[in-house]
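Reviewing the structure listed below.
Protein chains: 2
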Amino acid sequence: MDLIDIFKTKNIGDSVKVEGWIRNHRKQKDFGFIDFYDGTSFKTLQVVYDKDNKNFVEIQKMLVGCAIEVNGTLVESQGNQEYELKADEITLIGTCDETYPIQPKRHTREFLRSVAHLRPRTRLFQAVFKIRNLASFAIHDYFQSHNYVYVHTPLFTTSDCEGENQMFKVTTLDLENIPKSEGKVDYKKDLFGRQTFITGTGQLHGEAYAMAFKKIYTFGPTFRTENSNTKTHANEFWMIEPEIAFCDLKGLMDIEEEMLKSVVSYVLENGHEEIEFLNSFVDNTLKEKLEKLVQADFVRITHHEAVDLLNSSDINWEFTPDYESDIAKEHEKYITEYYNAPVFITDWPKDIKAWYMKENSDGKTVAAVDLEVPGAGELMGGSQREEDYEILLARAKSKGVDVDSIDWFLDLRKFGTCYHSGFGMGFERLIIYLTGIENIRDVIPFPRTPGSCEY
Amino acid sequence: MDLIDIFKTKNIGDSVKVEGWIRNHRKQKDFGFIDFYDGTSFKTLQVVYDKDNKNFVEIQKMLVGCAIEVNGTLVESQGNQEYELKADEITLIGTCDETYPIQPKRHTREFLRSVAHLRPRTRLFQAVFKIRNLASFAIHDYFQSHNYVYVHTPLFTTSDCEGENQMFKVTTLDLENIPKSEGKVDYKKDLFGRQTFITGTGQLHGEAYAMAFKKIYTFGPTFRTENSNTKTHANEFWMIEPEIAFCDLKGLMDIEEEMLKSVVSYVLENGHEEIEFLNSFVDNTLKEKLEKLVQADFVRITHHEAVDLLNSSDINWEFTPDYESDIAKEHEKYITEYYNAPVFITDWPKDIKAWYMKENSDGKTVAAVDLEVPGAGELMGGSQREEDYEILLARAKSKGVDVDSIDWFLDLRKFGTCYHSGFGMGFERLIIYLTGIENIRDVIPFPRTPGSCEY
C-alpha cells in the first residue's frame, strides 16, 4: 500500500504492508528505528523493531538507501507523529552499496547536481519535483475546467521564421559525411527532404486551433539555443502557451490572473507539507508570498506609466528608463516592490516586441502585456495578436520574416479572423517561484545547459 | 459566454451573447438560419434572424466561415434542438474569403490533410481533437489520483544507447560548414560540446525517478527516424511511459487494465456527442467496442500458449508461429478475435526483446507483456525490469550497449534496487482506437512523416 494512502486511511491497530526505502536508521542494542519512505508521501513513517524480530541481526545491518518490505501494526508514537509502525517482519528487497552518496546529512545543491539520478531521493528534491508534478496537474485542471482544448503542437518545423540561428537543427544525415549537391547540403536526402529545426514556440500552430476551438493551450518541451550559463537559462524547458479567440488584452490579463491564482491555490492545498519544508529550509518567505498572491489584486499599468514611476523615484538607475526601451531587472524589482503585488505592464513600444502583436491606435505601442511577480520577475508574456491580414503581412515582411513559409498562418486572417490573444509561461520559472529554489538546474529532473547534457 | 456553458446553464427565455463562427447559413427572403459554433461544444446552436434585424441585408451576405457575435434570446426550437437563439443583433467580427475550403459538404480526409491549419474546424476533426484532449486529461487524472508523479524526462541526450541511427541528431553547428578537427566533426564547438541526439524513450530516466517516488509517469513528445510511410507511423508522436517500483509483471497488467478502462470510461462520459458522431460517420462499431472494453475481463496468456493456440487453428498462416519469434499482425488479429477481448501476452522469447527486461527462470524468456486489443493490435508494451546489477550489465554488454554512457542507470541497481516494471503506450495508437480513425496523420494536429514536415 502507498504510504500516502496509509496516512489517509489507516489508524492505530491496523495491520499494514509497505515497500520503500530506508532514509535513516538508528540502532540500539536491543531495538532500532528506521525512517521509512516510499516517495508517495512527503512524510516518513517510523518503523520500530526489536529483538523479537527473528532476523534482528540482519535488520541491524540494513544501510541507508536499502529497499525493504515491512509488515506490521500501527501503534501509538512516542514522538510527534500520529503513529509508528511496529514491525512484525522486515524483509530486505535490495541492498545499498556503502558508497551511496545520499546520506542523512546536508548535501550542497552543486554536489546533488552531480548525482542527478539519485537526488530525487533527498527531501529537498522530493519536495521540488512533487510540486512540479502538482503544478503540472493544476495547469491542466484549470484549463480543462474552463473549456480549453489541450493541443499537441509539433516540435519539428521546416519554417525558419524564428530565425534559424535561434533554433536547433535536426537531421538524419551523417554529420561526418554530409551529402552535397552543387556545393550545398543535399537536404533531399534528409528524412523530411528539407532543412528541419526544432521550433521554440507552439503559438502559430496554437492560433490555428484557437480559430477552431476558441480556447486552447499547449504544454510541452521547448528548446532554445541560447549559449548562456545563468541561473535562469536552460536549453530544454517546458512551456505553456494558451491562445484564446474573441479575447482582447484586458480579457487576457483576467485569464492570466485567474489561472495563476488557481495554480498557486492548488499547490498550497495539495503540497502543504512540501511547502512547509521549503519554507523552513529554502526560503522562509515562501509560504507567505504564495498565500499573499492568491489574495492579491494584480496591478495593471502601461509601460508609459511604469517609466514615469521609475523616473519619479530617487534611484540612480544603471539603465535609464525611457518610453522606447525594455524594462531592466532592476526596474522590474522596483515596480513589484512599489506596488507590493503582481503587476501587469501593458502597451509596450512596438519596436522591441514581436511582429505578430497588435499595434495600438497611437502607432507607437503594441497590445502586449508582461506579468511581473514579486520575487520572480517576468512570469508570463502575452499579447493581443494582429488579426488583420494586410497589416500582419506588412509587419512580418518589415521584420524580415519568410512569409512564404507561414502562408498558412496568414490564412487564419483570411478565413473568419477575430480579435484574439495569448500568452506564454515558462514552466520552470513558475516552479522557481513556487519552491523558492533559485537555480533552474534544480527544478528540472535532468537539466540541459550549454556544455552540459549529461545522463 | 462559451457555447458549452450556455448549453449547461441557460434556458429558454435567457438572454445570451456568443462569439464564434458560421458553419452553415440558409437564407430565405424574409429570414435566415445560421448554424453557429464556437468550438467549445460539439453541438451547434441555431441562430434565427429576420427582417426586424436592422442589418438584415448585411447579415444575409455573411458567408460560411465568418466570425460573428450574436446577442439574442433563447427561444423554443422548431427542430430537434432544445432551443435556438433568436438574434437581436448579429455583428460581423471577421470576414471569410470566398475561397474558404471548409464548406458544409463532405471533404475527403486526404484533402483535409492539405489544409491542416483549417481542418480542425470541420465536425470530424472537432470530434477527433476533442477526444485527443479528453484522453490526455483522463491519463493525467488516472495517474494523479493513483499517487503517480508526472516526470518531465529530457529529450536531448548525448548517450547513443538506443543506436544512433535510430535517433535524430541535433546540433547548433552550421551544416553547410561543419567545423572539423583531425578530419572529424569538432563537437566541442557544438552547444553541448558533444554529439547530441533526441531520445526515443524516457524509460531510463523514468526508472531513476521511480526509485525515488515509487510511481511515476512521463507523457510527452517522442521521435523516431523510421523512414516508413504507413498508416501507423509518424516521426513525431506522443507517448506515455509509467514506471512503478515494487511492481511485478502481474501488478503491471493490473495497472494497464485499470488505466485503460479508466481512460475509455472518461472519454465515453465526457465525449458522448463526439463518440456518437464518430460512430455514425466513421465506424459504426466504435461505441459498442469501447463500452465492451470497459466491461471486459482482459485475458492473460503466455507467448508459448499463444503460439500453441495459433498452431491449433486451421488457418494457413503467412508467418508460421513459433516459440522463438515475434507474433505477426495476422496472429494478433486472430488471438483478439478468438477471445473477443483484450489479451495480455506475456513471457516473450528473450532474443527478440530489449536488454533491460528481466529474464525468467527458464533462461529462454523475459517477463515482458504486450497488450493486444481487438481492432487496434498492440496498444501497450511493457516488462518487469532486470533489477540485478551484474545480470543487467552483462545483458547490456551482450547487446552492444555503450555501458559507460549509462553508468548512472546501472547505479540504480547498486543503491536500493527493487523489482519494478513499466510500460509504454503510444498516445496516437490510443486515439486511433478511441476514434475509429485509421490513419495516424488524422489524429495528430500537424503530422510529421517522411518527406512531410509542412506547416
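Residue numbers (this note's numbering), protein chains in the order written: chain H, 31 to 485; chain G, 31 to 485. Ideal Cβ positions, reconstructed from N, Cα and C, are used throughout, including at glycine.
Checklist entry - Using CA coordinates, which residue listed in 165(H), 445(H), 172(H) is at the minimum distance from residue 181(G)? => result Locating residue 181(G) in the second sequence gives position 151, counting from the first residue. Checked all of 165(H), 445(H), 172(H); the closest Cα to residue 181(G) is 165(H).
Item to check | Delimiting residues of the beta strand (DSSP E) encompassing residue 182(G) | outcome: On the second sequence, position 152 is the one that residue 182(G) refers to. Neither: residue 182(G) is in no beta strand (DSSP E) and is coded neither H nor E.
Next on the checklist: In the DSSP output, what is residue 102(H) paired with across the bridge?
Outcome noted: The residue you call residue 102(H) lines up with position 72 of the first sequence. Answer is 46(H), 117(H).
Checklist entry - At a Cβ cut of 9 Å, what residues of the region 222 to 235 of chain G count as close to chain H, listed as they run along the chain? => result 222, 223, 224, 225, 226, 228, 234, 235
Next on the checklist: Can you give me the C-alpha to C-alpha distance between residue 215(H) and residue 235(H), rounded to a whole angstrom?
Outcome noted: Taking the first residue of the first sequence as 1, we reach residue 215(H) at position 185. Taking the first residue of the first sequence as 1, we reach residue 235(H) at position 205. Residue 215(H) and residue 235(H): Cα-Cα distance of roughly 28 Å.
Item to check | Interface partners of residue 206(G) on chain H, CB under 8 Å | outcome: On the second sequence, position 176 is the one that residue 206(G) refers to. Per Cβ cutoff of 8 Å: 214, 215.
Checklist entry - In angstroms, rounded to a whole number, what distance separates the CA positions of residue 508(G) and residue 296(H)? => result This structure gives no information on residue 508(G), because the portion of chain G shown stretches from 31 to 485.
Checklist entry - What residue range is occupied by the uninterrupted beta strand (DSSP E) comprising residue 76(G)? => result The count along the second sequence starts at 1 and reaches residue 76(G) at position 46. Per DSSP, residue 76(G) belongs to the beta strand (DSSP E) from 75 to 80.
Checklist entry - How about residue 64(H): is its C-beta nearer than 8 Å to some C-beta of chain G? => result Along the first sequence, read from residue 1 onward, the residue named residue 64(H) stands at position 34. No - not a single Cβ of chain G is within 8 Å of the one on residue 64(H).
Item to check | residue 32(H): contacting residues in chain G (beta-carbon distance under 8 Å) | outcome: The count along the first sequence starts at 1 and reaches residue 32(H) at position 2. Here the neighbours are 177, 244, 245.
Checklist entry - With which residues is residue 275(G) paired in a DSSP beta bridge? => result The residue you call residue 275(G) lines up with position 245 of the second sequence. Per DSSP, 450(G).
Item to check | 8 Å contact criterion, which residue 379(G) and residue 402(G) should meet: CB distance rounded | outcome: Taking the second sequence and counting its residues from 1, one reaches residue 379(G) at position 349. Taking the second sequence and counting its residues from 1, one reaches residue 402(G) at position 372. That belief does not hold up - the Cβ atoms of residue 379(G) and residue 402(G) are roughly 17 Å apart, past 8 Å.
Checklist entry - Mind pulling the chain H residues with CB within less than 8 Å of residue 481(G)? => result To locate residue 481(G), count along the second sequence from 1; it is residue 451. Those are 221, 222, 223, listed as they occur along chain H.
Checklist entry - When the Cα of residue 77(G) is compared with those of 91(G), 71(G), 107(G), 95(G), which residue comes out closest? => result Here residue 77(G) refers to the residue found at position 47 of the second sequence. It is 107(G) whose Cα lies nearest to the Cα of residue 77(G).
Next on the checklist: Taking only three categories from DSSP, how would you classify residue 146(G)?
Outcome noted: For the purposes of this step, residue 146(G) is taken as the residue at position 116 of the second sequence. Three-state result, residue 146(G): coil.
Item to check | Rounded Cβ spacing between residue 126(G) and residue 453(H) (contact assumed at less than 8 Å) | outcome: Your numbering for residue 126(G) matches position 96 in the second sequence. Your numbering for residue 453(H) matches position 423 in the first sequence. Not confirmed; about 27 Å, so no contact.
Next on the checklist: Please tell me whether residue 458(G) and residue 242(G) are closer than 8 Å, where the distance is taken between their beta carbons.
Outcome noted: Taking the second sequence and counting its residues from 1, the one referred to as residue 458(G) is at position 428. Taking the second sequence and counting its residues from 1, the one referred to as residue 242(G) is at position 212. No. Outside cutoff.
Checklist entry - Quick one: what does DSSP say residue 53(H) is sitting in, helix, strand or coil? => result The residue given as residue 53(H) occupies position 23 in the first sequence. If DSSP states are grouped into helix, strand and coil, residue 53(H) belongs with the strands.
Next on the checklist: On the DSSP bridge list, what partners appear for residue 226(G)?
Outcome noted: Position 196 of the second sequence, counted from the start, is the residue given in the question as residue 226(G). Note: residue 226(G) sits in a beta bridge opposite 200(G).
Next on the checklist: Strictly under 8 Å for the Cβ-Cβ distance: is residue 471(H) near chain G by that measure?
Outcome noted: Locating residue 471(H) in the first sequence gives position 441, where the first residue counts as 1. So, not an interface residue.
Checklist entry - For residue 404(H) and chain G, any beta-carbon pair shorter than 8 Å? => result For this step, residue 404(H) is matched to residue 374 along the first sequence. No, residue 404(H) lies away from the interface with chain G (no Cβ there is under 8 Å from its Cβ).
Item to check | Contact set between residue 446(H) and chain G, taken where Cβ atoms lie within less than 7 Å | outcome: For the purposes of this step, residue 446(H) is taken as residue 416 along the first sequence, with counting starting at 1. Within chain G, the residues near residue 446(H) are 51, 95, 96, 97, 124, 126.
Checklist entry - Just checking my contact of residue 79(H) with residue 66(H) at CB under 8 Å: how many whole Å lie between their CB atoms? => result Working through the first sequence from its first residue, we reach residue 79(H) at position 49. Working through the first sequence from its first residue, we reach residue 66(H) at position 36. So it is not a contact: roughly 11 Å between Cβ atoms.
Item to check | Assumed close pair residue 156(G), residue 69(G) - CB separation to whole angstroms, cut-off 8 Å | outcome: Against the second sequence, residue 156(G) aligns to sequence position 126. Against the second sequence, residue 69(G) aligns to sequence position 39. That pair is a contact at about 7 Å.
Next on the checklist: In the DSSP assignment, the alpha helix (DSSP H) including residue 463(G) goes from what residue to what residue?
Outcome noted: For this step, residue 463(G) is matched to residue 433 along the second sequence. It spans 457 to 465 - the alpha helix (DSSP H) in which residue 463(G) sits, taken as one unbroken run.
Item to check | Any C-beta of chain G under 8 Å from that of residue 172(H) | outcome: Taking the first residue of the first sequence as 1, we reach residue 172(H) at position 142. By this cut-off, residue 172(H) is not an interface position.
Checklist entry - Nearest chain H C-beta to residue 336(G) closer than 8 Å, yes or no? => result Walking along the second sequence from the start, residue 336(G) turns up at place 306. Output row for residue 336(G): interface = no.
Checklist entry - How about residue 431(H): is its C-beta nearer than 8 Å to some C-beta of chain G? => result Along the first sequence, read from residue 1 onward, the residue named residue 431(H) stands at position 401. No - not a single Cβ of chain G is within 8 Å of the one on residue 431(H).
Checklist entry - What is the rounded straight-line gap between the Cα of residue 475(H) and the Cα of residue 183(G)? => result Indexing the first sequence from 1 puts residue 475(H) at position 445. Indexing the second sequence from 1 puts residue 183(G) at position 153. Approximately 7 Å between the Cα atoms of the pair.
Next on the checklist: residue 283(H) and residue 173(H) - do their beta-carbons sit closer together than 8 Å?
Outcome noted: For the purposes of this step, residue 173(H) is identified with residue 143 of the first sequence, where counting begins at 1. For the purposes of this step, residue 283(H) is identified with residue 253 of the first sequence, where counting begins at 1. Contact flag unset, no.
Checklist entry - Under the rule that 16 or more other beta-carbon atoms within 10 Å means buried, what is residue 89(H), buried or exposed? => result Locating residue 89(H) in the first sequence gives position 59, where the first residue counts as 1. Buried.
Item to check | Nonlocal neighbours in the same chain, by C-beta distance under 6 Å from residue 317(G), ignoring five residues either side | outcome: The sequence position of residue 317(G) within the second sequence is 287, counting from 1. Taken in chain order, the residues that qualify are 305, 309.
Item to check | Three or more C-beta pairs below 8 Å linking the region 270 to 289 of chain H and the region 131 to 150 of chain H | outcome: no
Next on the checklist: Which of the three DSSP states is assigned to residue 325(G) in this structure?
Outcome noted: Indexing the second sequence from 1 puts residue 325(G) at position 295. Residue 325(G) falls in the helix class under three-state DSSP.
Checklist entry - Does any residue of chain G bring its CB to less than 8 Å from the CB of residue 151(H)? => result Here residue 151(H) refers to the residue found at position 121 when the first sequence is read from its first residue. Yes - at least one Cβ of chain G is within 8 Å of the one on residue 151(H).
Checklist entry - If you measure from the beta carbon of residue 69(H) to each beta carbon in chain G, is any gap under 8 Å? => result As a first step, residue 69(H) must be located in the first sequence, where it is residue number 39. Cβ-Cβ to chain G under 8 Å: yes for residue 69(H).
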